[in-house]
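Protein chains in written order, with the UniProt record's numbering: chain A, 1 to 332; chain B, 1 to 339.
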């Protein structure tokens, strides 16, 4: 593999004759051509691997390099002299400091609580909808599904202003009629102000994944359960949901990741970036950026800590993620 | 055994009476349509109160002038929209004194200027969307072709390609902030020497910051494109390739005549999805650079909604309208395919 690439680059900078001969060889000789394709393939794979993983290497380098060395901004390699980021010194204390300056662990804990609560709510409600859309026939089914789909496309910014008003405790008013409906409780700085928008934002994807999976369970199984005397809802929760476990897991994993990664409402609904206000991971990272403006090693260390749970989840659940994303994206 | 037990309890339940049993019996006797609508009630309560109500209310608010500290909101009809598109209200726009601070003095960035802030936001958003989606599609196609093949270490490559997709937005932004921050970033110098980025104050320079945000987005979302295109690739009937091979088609011909036409619909869907998503850009800008440097549409809403509610609502509603129009295309496609 390496030889093919080398010979290719060699031939380009020597004379045209070699290149022409080589090209002729590639066109004429099947085996040479196969080798070229394989070489290209490995080069491309390696390229993608390096570009996707390099930023993580960069974070690690920054985190363990003492901040004073980072600030000199000199990344030249000792012998070769070219600039390439590499650890300068070894300062693992950054990973201890990072929990002391800002209570990072509490922020991550908040993220976990918010993500878990949202996932449970979304799974319960989306299961009902998935059952309805996947297994029942009724007038208005198509338009209702389209309405759900449509809502999932709107930007969060379009919902922000009235939601923020309502979460501050201002009265909810029927649009254009001016009739006050009710006075909601003040939800900002509480989990509710984030869980509610998250549920709405990530509900549609879960509904579509569950619809797909629930519709694939044979009718006979549901009928059998019904003959045994189970209620319709009982059949959903005791037969259909367990049989669609992979689908439920997919929806759960994707919802959890989406909430953990959400930025818009996470950064706005907690009015200050402190864990007491239920500010999630976003708040911790923003605190480092805003208050510890030159502690670049801590910013990097905080990012690494914040990314680890997601990294584990991706590695464990990669099959589910892949099937979920493709099912959600290409609804057949 | 368990079924026996279940049917046993079920029959006992049916003999019992009480509110729960009454509800269960009522549920069981509902017609299919009524039952379906009943189960959909929670979904539509959530989506109605968190999405539909705010959308309508935003539209209502956009018809009022409601500037912080100037008394009661005043109904002005579509004046906010008119002002927005003509650039009329710009001098009173409360954000305009704090917004785009440095750009006023620099004429070298034709797409961001205080005169016509809405136009700036629109151009920034569209530019970001077009460029990032284009590169994501091309690179994503390449990644999908790789993932489509069987090879040793395929799982590893796949995880590596998916990981950026799963990275929290705030950390993605932080990575690129650190990568291009003048005091830490080793890349800034190279790219500045090449004339691509501004040499100083890189993250506060509109064009440089937009380029960096675009690169960050491509890094993260290409994986998503790759997965969608991969699904399309894997639905291609493999026997077509065998036929082509027998007929003596080269790999390039196989790609051009079989793969490409069959995958194009999947690519189209993926591109629409990504376009809709890219139009919402906010968080990445907020953390990597600043909303005052790269004013996307969502940025404008967030930055101004506490000071000028009417105008912020108008921007929010226009943003929703643009995205809604794109979403209609997706929905129309889905409808045609018999949903």
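All C-beta atoms in this analysis are idealised placements derived from N, C-alpha and C, irrespective of residue type, glycine included.
Subject >> Member of B:297, B:325 and B:189 whose CA lies at the smallest distance from the CA of residue 120 (chain B) >> reply: B:297
Should residue 261 (chain A) be flagged as near chain B, meaning a C-beta pair shorter than 8 Å?
yes
Practice prompt. Output the distance between the C-alpha atoms of residue 22 (chain B) and residue 73 (chain B), rounded to the nearest integer angstrom.
Written response: 51 Å
| said: Taking the alpha carbon of residue 275 (chain A) as the reference point, which residue from A:56, A:147, A:214 and A:114 has its own alpha carbon closest? | reply: A:114
- Could you list the residues in the stretch 215 to 240 of chain B with a C-beta less than 8 Å from some C-beta on chain A, going in chain order? 219, 223, 224, 227, 228, 230, 231 and 232
Exercise. Are the C-beta of residue 318 (chain A) and some C-beta of chain B separated by less than 8 Å?
Worked result: yes
Beta carbons nearer than 9 Å to chain B: which residues of the stretch 289 to 301 of chain A have them?
289, 294, 296, 299 and 300
- Query: Would you say residue 268 (chain A) faces chain B, with C-beta separation under 8 Å as the test?
  - Reply: yes
Beta bridge counterpart(s) of residue 64 (chain B) as assigned by DSSP:
B:75
Exercise for the section: With 8 Å as the threshold, decide whether the Cβ of residue 212 (chain B) is near any Cβ in chain A. Expected result: no
### Sequence-distant residues of the same chain with beta carbon closer than 7 Å to residue 145 (chain A), five excluded per side
133
Helix, strand or coil for residue 321 (chain A) per DSSP? helix
Which residues bound the alpha helix (DSSP H) around residue 201 (chain A)? 192 to 215
So, helix, strand or coil for residue 255 (chain B), using DSSP?
helix
Pick from A:106, A:47, A:25 and A:131 that is closest to residue 36 (chain B), judged by C-alpha positions: A:131
| said: I need the straight-line Cα distance from residue 287 (chain A) to residue 309 (chain A), nearest angstrom please. | reply: 20 Å
If we define contact as Cβ-Cβ less than 8 Å, is residue 243 (chain A) a contact residue for chain B? no
Same chain, Cβ closer than 7 Å to residue 220 (chain A), neighbours up to 5 away in sequence not counted:
none
Residue 91 (chain A) and residue 72 (chain A) closer than 8 Å at C-beta: no
Item checked: Under the three-state DSSP convention, the category residue 228 (chain A) falls into -> coil
Determine which residues of the stretch 125 to 138 of chain A have a Cβ less than 8 Å from any Cβ of chain B, and write them out in chain order.
-> 125, 126, 128, 129, 131, 132, 136, 137 and 138
- Task: Run the CB neighbour count on residue 174 (chain A), radius 10 Å, all protein chains shown included, and call it buried at 16 or more, exposed below.
- Result: exposed
Item checked: Minimum Cβ-Cβ distance from residue 321 (chain A) to chain B less than 8 Å -> yes
Check the DSSP bridge columns for residue 31 (chain A) and list the partner residues they point to. According to DSSP, which records beta bridges pairwise, residue 31 (chain A) is partnered with nothing at all.
Answer yes or no: does any C-beta atom of chain B fall closer than 8 Å to that of residue 306 (chain A)?
yes
Cβ of residue 160 (chain B) less than 8 Å from any chain A Cβ? yes
Using 8 Å as the threshold, is the C-beta distance between residue 226 (chain A) and residue 27 (chain B) below it? no
- Query: Sorted by chain position, which residues of the same chain lie with C-beta nearer than 7 Å to residue 141 (chain A)'s C-beta, five sequence neighbours on each side aside?
  - Reply: 133
Assuming contact is defined by CB atoms lying nearer than 8 Å, are residue 200 (chain A) and residue 47 (chain B) in contact in what I supplied? yes
_DSSP beta-bridge partners of residue 224 (chain B)_ = Residue 224 (chain B) pairs with nothing; no bridge assigned.
In three-state DSSP terms, what is residue 168 (chain A)? coil
- In terms of DSSP beta bridges, what is residue 180 (chain A) paired with? A:173
inquiry  = Which same chain residues end up closer than 6 Å to residue 256 (chain A) when comparing Cβ atoms and leaving out the 5 residues on each side of it in sequence?
reply    = 115 and 119
How would you list, in chain order, the residues of chain A whose beta-carbon sits under 8 Å from the beta-carbon of residue 289 (chain B)?
-> By Cβ distance, chain A contributes nothing, its closest Cβ being about 12 Å from residue 289 (chain B), past 8 Å.
* To do: Return yes when the Cβ of residue 165 (chain B) is within less than 8 Å of the Cβ of residue 223 (chain B), no when it is not.
  => yes
| task | Closer than 8 Å by beta-carbon distance: list the chain C residues that pair up with residue 148 (chain A), in chain order. | result | Within the model displayed, chain C is absent; protein chains A and B are what it includes.
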